[in-house]
């Protein structure tokens with residue numbers, strides 16, 4: 031009886047694992063097609079064919095195309111190492127190290143999910159939900175940066191620079207467009223971009 035219970039338990043775990051694997055394969059297939067063909071040109075049937083599953087399986091896992099993009103976007107923060115950034119921020123009170131940690135996170139995010147970010151931004155030109163999602167994401171990032179900058183002692187920021195402007199300057203330097211220009215057009219390595227950000231941000235922001 032005990033062995034039978036154990037087999038049922040492992041069978042259940044195996045089914046969960048298989049379902050998670052199927053979801054991951056569907057998401058990866060969707061990402062490939064969205065990036066290669068664009069959001070509008072990709073259908074749920076295309077995703078199902080690319081993933082090697084039935085169309086109803088895609089709907090059961092993610093409901094629709096938008097659900098796929100939301101899931102991919104939620105995974106982007108984890109892929110970029112959000113917990114690592116938080117640990118690095120909490121490990122020191124040095125503003126330079128804070129900026130280095132934030133630049134490191136942005137580098138990882140753009141390196142691993144830059145194509146997805148561009149996809150969501152581009153889809154937002156014709157899909158209001160995507161435009162809203164993209165803007166909410168940018169506002170969330172801006173709020174996080176404000177919290178970091180406000181935690182610094184008075185006089186940390188360069189003279190004449192308030193927190194709001196400091197966030198704007200950071201956003202101008204550490205953006206997907208800057209990363210793509212340096213990485214693709216100028217052939218910089220991701221390490222070099224991160225190092226440049228870590229050096230340029232203190233020059234622009236700190237007293």
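In my numbering, the protein residues as written are 31 to 237.
For each residue, glycine too, the CB sits at the ideal point set by N, CA and C.
- The C-beta distance from residue 136 to residue 96 rounds to 25 Å, too long to fall under 8 Å, and the pair is not in contact.
- Residue 212 carries a helical assignment under DSSP once its states are collapsed to helix, strand and coil.
- Its Cα nearest to that of residue 202, the residue 227 stands out among 128, 121, 93 and 227.
- Taking 7 Å as the cut-off, the beta carbon of residue 197 is found closer than this to the beta carbon of residue 172.
- Residue state for residue 191 is assigned as coil, using DSSP reduced to three classes.
- Residue 89 and residue 67 have their C-alpha atoms some 20 Å from each other.
- Counting the other Cβ atoms within 10 Å of the Cβ of residue 224 gives 16 or more, which makes it buried.
- If you look at residue 154, you'll find it isn't in any alpha helix (DSSP H); DSSP assigns it neither H nor E.
- Contact between the segment 144 to 163 and the segment 58 to 74 is present, with at least three C-beta pairs closer than 8 Å.
- No residue range can be given for residue 83, since it is assigned to no alpha helix (DSSP H) and is classified by DSSP as neither H nor E.
- Three or more beta-carbon pairs drawn from the segment 122 to 139 and the segment 173 to 184 are found closer than 8 Å, and the two stretches are therefore classed as touching.
- Taking all protein chains in view, the Cβ of residue 110 is crowded by 16 or more other Cβ atoms within 10 Å, so the residue is classified as buried.
- Relative to the Cα of residue 98, the nearest Cα in the group 134, 58 and 133 belongs to 58.
- If you draw a 10 Å sphere on the C-beta of residue 138, you find 16 or more other C-beta atoms in it, and that means buried.
- DSSP places residue 69 outside any alpha helix (DSSP H), giving it a letter other than H or E.
- About 7 Å separates the Cβ atoms of residue 78 and residue 87, confirming a contact at the 8 Å cut-off.
- Here the alpha carbons of residue 144 and residue 206 stand approximately 7 Å from one another.
- Burial state of residue 84 is exposed, judged by a 10 Å Cβ sphere holding fewer than 16 other Cβ atoms.
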